[in-house]
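Report on the following structure.
Numbering (the UniProt record's numbering), first residue to last: 1 to 622.
Structure (structure tokens):
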């Protein structure tokens, strides 16, 4: 066979990744070994799964393993597996192009987040490129398990913009990644260094990781297994240390940080399965960059046979930050995504996973408040999605939510709905809240004035998701939730009488303001909400908050136009001035400014900022 070598350029994004990786990961050079072993483990997992339908793929070499060797003379480190291997097209797709590796999102994260450290690389499926941190040339030899020996592929690159491809003869299936080390990377030619890294980062890889025994400083002929080579989740909890759990999490989640907490359970009975689920201490970058459509899911095994890496069906979307493993005994081994979506047994496993995760979060909230605060800061907004998505667990999720409050500490989100209910005055049957696009806008809202005057606590909700979430959270523990800015306020008899008297006395002023403002408002009325401010907007019960409507329009959504209702405080000096102003033009300027300041306070955009400035200047000079 005459081999021809083809030279191809990396896609632009891959070239950028290579540059960033080689210049940014120097503080954690050893990451390359963890990532290459992880890739090799995936290849073994995939072959074991494919061999269920095609046992002949394992013919002659049924014991799957990963070999790590070094050559001090050639100055190389080689990571070899006898897994599924790759054909030519797969080599191009997995290494040479952006493909499905998440490279573009990795670049976005690197540019938006300056902590360009090791915790980024594996989360985006671009771990292979970390080889170039320690190597100035990388060679990959690979043959797919279902291809003949003559269909091997040799890939090689110096990581500077292009790579070569060549068809070669390979007697064995699987892949070998050969790193030609840079001149100053001698530490990785020491077998004890490689062994310690395997123990630290890859001890719980479920396949044997073998190394040659050292003879006179060089690799000998005899191989020895250097890792535990067992599925951690299958061991009794009494035999697993916290360090073991953390080590497994770091390999599983491609994370250099410890997990915040975990839960490990075995369910026996008509349907038996094991779950090992982790809460990360901070959001994985794919959670933030990819949004709701780019979640990872859990690793699914059936009788310890790897089935899929991202079984999204095992957890609802709002728990997509959870990392972990599910190993089921009873699902069919030839399971597919289509079968998963329709499988009743899987629904039971999913329900159990949700229960375990919520149990774990509740335990943090109850027993480890500092850890819970860390969790909530990272994932509180994601958890809120469950209010709309998971009706069965809505009350449990709501119990875990935390908010700022007029009786809380600063702008910290520390008040639970139970805390609020525990402080409610006798006879109060409503949990009051306000939404705004910042904490400052919420705490400074004029709609709070009457509540502050009466000592009624109000929850301050300033996260963008809050208004959407509250559409599905109308009550909690038998108490209604209500926005202080929406609808009619419930008044006692004394307040109701006072309101009627104030409205009757202000009838000439209300008519004057309606005439001056014309079709810019739907109504003008005396406010029961105001004690100090001159004006505010009042919304109907089902009207979207102005700040959210603005954000929706900015995102390209068509939003129906609505005329606001203006509420006024007739006792305020500005209203007295409008009442006594005989010049129609000046009165109109004042009336319009009362409306516009109410719109600004509510987060609504001004229809004509230039006209607002001119109007303000006329009044100031007036």
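Cβ coordinates follow ideal geometry from the N, Cα and C atoms, glycine included. Note that the structure is predicted; figures quoted are calculated from it, not measured.
Exposed or buried, which one is residue i when buried takes at least 16 other CB atoms within 10 Å?
| i | result |
| --- | --- |
| residue 542 | exposed |
| residue 367 | exposed |
| residue 480 | exposed |
| residue 7 | exposed |
| residue 272 | exposed |
| residue 236 | exposed |
| residue 693 | Any question about residue 693 goes unanswered here, given that the chain covers just 1 to 622. |
| residue 323 | buried |
| residue 161 | exposed |
| residue 369 | exposed |
| residue 103 | Here the model assigns residue 103 a pLDDT of 45, short of 50, so the residue's position is not dependable and the matter cannot be decided. |
| residue 119 | With a pLDDT of 44 at residue 119, under the threshold of 50, the modelled position of that residue is not reliable, and the figure given next carries that caveat. Buried is the call here. |
| residue 233 | buried |
| residue 4 | exposed |
| residue 609 | exposed |
| residue 175 | buried |
| residue 264 | buried |
| residue 423 | exposed |
| residue 410 | exposed |
| residue 466 | buried |
| residue 498 | exposed |
Have a look at residue i and residue j and give me their C-alpha separation to the nearest angstrom.
| i | j | result |
| --- | --- | --- |
| residue 440 | residue 245 | 42 Å |
| residue 345 | residue 206 | 25 Å |
| residue 165 | residue 148 | 18 Å |
| residue 535 | residue 525 | 10 Å |
| residue 54 | residue 306 | 15 Å |
| residue 529 | residue 593 | 19 Å |
| residue 486 | residue 538 | 6 Å |
| residue 293 | residue 501 | Legend: pLDDT at residue 293 = 42, less than 50; position of this residue unreliable, value from coordinates given subsequently. One C-alpha to the other measures close to 55 Å. |
| residue 325 | residue 600 | 49 Å |
| residue 328 | residue 311 | 13 Å |
| residue 628 | residue 314 | In the structure as shown, the chain starts at 1 and stops at 622, and residue 628 therefore has no counterpart that could be examined. |
| residue 291 | residue 318 | Confidence is the limiting factor: at residue 291 the pLDDT is only 43, short of 50, which leaves the residue's position unreliable, though a coordinate-based value still follows. For residue 291 and residue 318, the distance between alpha carbons rounds to 11 Å. |
| residue 621 | residue 586 | 11 Å |
| residue 395 | residue 354 | 14 Å |
| residue 153 | residue 145 | 12 Å |
| residue 84 | residue 230 | 20 Å |
| residue 562 | residue 398 | 31 Å |
| residue 131 | residue 438 | 44 Å |
| residue 376 | residue 462 | 15 Å |
| residue 484 | residue 386 | 24 Å |
| residue 70 | residue 184 | 16 Å |
| residue 612 | residue 254 | 53 Å |
| residue 275 | residue 195 | 29 Å |
Compute the beta-carbon to beta-carbon distance between residue i and residue j, rounded to the nearest angstrom, for a pair I have assumed lies under 8 Å.
| i | j | result |
| --- | --- | --- |
| residue 155 | residue 66 | Residue 155 to residue 66, Cβ: 19 Å. No contact. |
| residue 210 | residue 199 | At roughly 14 Å, the Cβ-Cβ gap does not stay under 8 Å, so residue 210 and residue 199 are not in contact. |
| residue 432 | residue 415 | Not a contact, Cβ separation roughly 12 Å. |
| residue 270 | residue 203 | In fact, because the Cβ distance is near 34 Å, the residues do not count as touching under 8 Å. |
| residue 527 | residue 568 | 6 Å |
| residue 127 | residue 35 | 3 Å |
Report the three-state DSSP secondary structure of residue i (helix, strand or coil).
| i | result |
| --- | --- |
| residue 588 | helix |
| residue 240 | coil |
| residue 249 | helix |
| residue 226 | coil |
| residue 439 | helix |
| residue 607 | coil |
| residue 280 | coil |
| residue 318 | helix |
| residue 290 | Only weak support is given to the placement of residue 290: the predicted model assigns it a pLDDT of 42, under 50, and the question is left unresolved by the model. |
| residue 555 | coil |
| residue 301 | strand |
| residue 309 | strand |
| residue 295 | Low per-residue confidence applies at residue 295: pLDDT is 48, beneath 50, and the placement is therefore not dependable, though the value from the model is reported in the following sentence. Residue state, collapsed to three classes: coil. |
| residue 6 | strand |
| residue 566 | strand |
| residue 265 | strand |
| residue 1 | The pLDDT assigned to residue 1 is 45, lower than 50, so where the model puts this residue is not dependable, and the model offers no usable value. |
| residue 326 | strand |
| residue 11 | coil |
| residue 207 | coil |
| residue 213 | strand |
| residue 560 | coil |
| residue 220 | strand |
| residue 188 | helix |
Worksheet item: In the region 451–539, which residue ranges form an unbroken beta strand (DSSP E) of at least 3 residues, counting only runs that do not cross its ends?
Response: DSSP runs (the beta strand (DSSP E)) wholly in the region 451–539: 459–461, 479–483, 523–526, 535–538.
Practice prompt. Could you pull out every unbroken alpha helix (DSSP H) segment of at least 4 residues lying fully inside the UniProt domain "Histidine kinase/HSP90-like ATPase" (28–185), listed in chain order?
Written response: Whole alpha helix (DSSP H) segments, 4+ residues: 31–53, 88–91, 103–112, 118–121.
Worksheet item: Fully enclosed by the region 396–435, which alpha helix (DSSP H) runs are 4 residues long or longer?
Response: Runs found: 417–423.
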